[in-house]
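Peer 1:
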Amino acid sequence: MGKGLDIDVLRTFQAVARLGRFKAAADYVHRSPSAVTTQIQKLEGKIGQQLFTRSNQSVELTPAGRQLMGEATRFLMAHDRLLATLSPQQMTGKVRIGVPDGYAANLMSDFLPVFVANNPKLELEAVARSSAELIDLFARQRLDLAVAVSSDGWQQGEWLRSTQPRWAAAPGFSHDPSRPLPLALQLKGCPYREAALQALKAHGIAYRVLLESANWHAVLACMRSGLAVGIVEGLDSTDTSLAYVEGLGLPDLEKHHVYLLTDTSHHVAAHLNAMLKAAIQKVGVTTPPHCWEGGG
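Just so you know, we're using the UniProt record's numbering here: the sequence shown kicks off at 1 and counts up by one.
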């Protein structure tokens, strides 16, 4: 492989991987589809491996492509973060950030006010959605940064930390095993919801969804009422309104991971990336996030 990789070519590669279509990537990087195809072919020639499998509808990363995607994302992030650091006067314009609904309250109270106060010329937009919705919005270029939770390993995003979802309910919650287990869950798109339902089905445990809501605080209220069991990442030791469920024979849930997706071509997003990453990682990479209690 020859020396040096062109940053513009890496951005094109990242756009194709993110959007899944050469034409969409061409529009994104403001090049013709043929120019994008040529760039990817030259990159594959330089790497010496095929980076995409192509079909009539879309393209997907090969194993070599997934590896390059992870390395390219980290490289472009460091490059653009350096530019943002050297050019603080560029911190103007608009940046759009998305976070899982369960993280929104802490983000709004602890992180965003400081960021906005330090960057008064910046227009910030924040949305709270399920992880699946956030991934989709990021892929459609509707977000510049997105925090998302997944049980799968991703090359497209930066791994921030692991989470261990657990069953929780009001202290003393009891359940008649002859009846379906009542659940309080977020809407489809929350990875913890899917993991919980799959685990219950796999163990033959009957359940019914008593409440489903896009509002994490509504889900919490239902759990605290003693009417249903739900899923949390962690519990604050000072909060006695919820406890981990023990003794009901509920299956353990698989470990999940928190990722940060960043549009590395957006200089403000590159700068915000480091700050947001530090805020989410402040409780450590394996400790349940007591100060970021919530669902995906």
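Note that beta-carbon positions come from the ideal geometry of N, C-alpha and C, so glycine has one too.
Regarding residue 111 and the ligand ATP, is the C-beta to nearest heavy atom distance less than 6 Å?
Peer 2: For the structure depicted, the ligand ATP is absent and the ligand set is empty, with no information on it obtainable.
Peer 1: Over what stretch of residues does the alpha helix (DSSP H) that includes residue 10 continue unbroken?
Peer 2: Note, residue 10: alpha helix (DSSP H), 7-19.
Peer 1: With a CB to CB cut of under 6 Å and the five nearest residues on each side skipped, what residues in its chain are close to residue 222?
Peer 2: For residue 222, where only same-chain residues beyond five positions count, the Cβ hits under 6 Å are 184, 211, 228.
Peer 1: Going by DSSP in three states, residue 287 sits in which element: helix, strand or coil?
Peer 2: Confidence is the limiting factor: at residue 287 the pLDDT is only 32, short of 50, which leaves the residue's position unreliable, though a coordinate-based value still follows. Residue state, collapsed to three classes: coil.
Peer 1: So the alpha helix (DSSP H) residue 301 belongs to, where does it begin and stop?
Peer 2: Here the chain has residues from 1 to 296 only, and residue 301 is not among them.
Peer 1: Are the beta-carbon atoms of residue 96 and residue 19 separated by less than 7 Å?
Peer 2: No, the Cβ-Cβ distance between residue 96 and residue 19 is not below 7 Å.
Peer 1: Thinking just about the alpha-carbon of each residue, which of 261, 22, 79 is nearest to the one in residue 54?
Peer 2: For the residues 261, 22, 79, the minimum Cα distance to residue 54 belongs to 22.
Peer 1: Ignoring anything shorter than 4 residues or poking outside the segment 82-139, list the alpha helix (DSSP H) runs there in chain order.
Peer 2: Counting only runs of 4 or more, we get 101-106, 112-118, 131-139.
Peer 1: With 16 as the cutoff for other CB atoms within 10 Å, does residue 130 come out buried or exposed?
Peer 2: It counts as buried.
Peer 1: By DSSP, does residue 142 sit in helix, in strand, or in coil?
Peer 2: Three-state result, residue 142: coil.
Peer 1: For residue 152, which option in 195, 92, 141 has the closest C-alpha, if you only look at C-alpha atoms?
Peer 2: Out of 195, 92, 141, 195 has the C-alpha closest to the C-alpha of residue 152.
Peer 1: Is the segment 231-249 touching the segment 165-181 in the sense that three or more CB pairs, one from each, lie closer than 8 Å?
Peer 2: Short answer: they touch.
Peer 1: Going residue by residue through the segment 206-230, where are the continuous beta strand (DSSP E) segments of at least 3 residues, counting only ones entirely within it?
Peer 2: Those beta strand (DSSP E) runs which fall completely within the segment 206-230 and span 3+ residues are 207-213.
Peer 1: Quick one: what does DSSP say residue 79 is sitting in, helix, strand or coil?
Peer 2: Note: residue 79 maps to helix in three-state DSSP.
Peer 1: Compare the Cα-Cα distances from residue 38 to each of 197, 16, 58 and report the closest residue.
Peer 2: The candidate whose alpha carbon is nearest that of residue 38 is 16.
Peer 1: Can you name the residues that DSSP bridges to residue 186?
Peer 2: Bridge partners of residue 186: 213.
Peer 1: According to the Cβ coordinates, are residue 219 and residue 225 closer than 7 Å?
Peer 2: No, they are not a contact pair.
Peer 1: On the DSSP letters alone, give me the boundaries of the beta strand (DSSP E) that residue 261 sits inside.
Peer 2: Note, residue 261: beta strand (DSSP E), 256-262.
Peer 1: Since residue 141 and residue 73 are thought to touch, with beta carbons under 8 Å apart, how far apart are those beta carbons, to the nearest angstrom?
Peer 2: That belief does not hold up - the Cβ atoms of residue 141 and residue 73 are roughly 16 Å apart, past 8 Å.
Peer 1: Please return the same chain residues whose Cβ sits closer than 7 Å to the Cβ of residue 33, not counting the five positions on each side in sequence.
Peer 2: Contacts found: 22, 23, 26.
Peer 1: Helix, strand or coil for residue 53 per DSSP?
Peer 2: It is a strand residue.
Peer 1: In the DSSP assignment, the beta strand (DSSP E) including residue 161 goes from what residue to what residue?
Peer 2: 158-163 is the extent of the beta strand (DSSP E) around residue 161.
Peer 1: By the 10 Å Cβ neighbour count, where 16 or more other Cβ atoms means buried, how is residue 252 classified, buried or exposed?
Peer 2: With fewer than 16 Cβ atoms within 10 Å of its Cβ, residue 252 is classed as exposed.
Peer 1: Would you list the residues sitting across from residue 150 in a DSSP beta bridge?
Peer 2: Answer is 257, bridged to residue 150.
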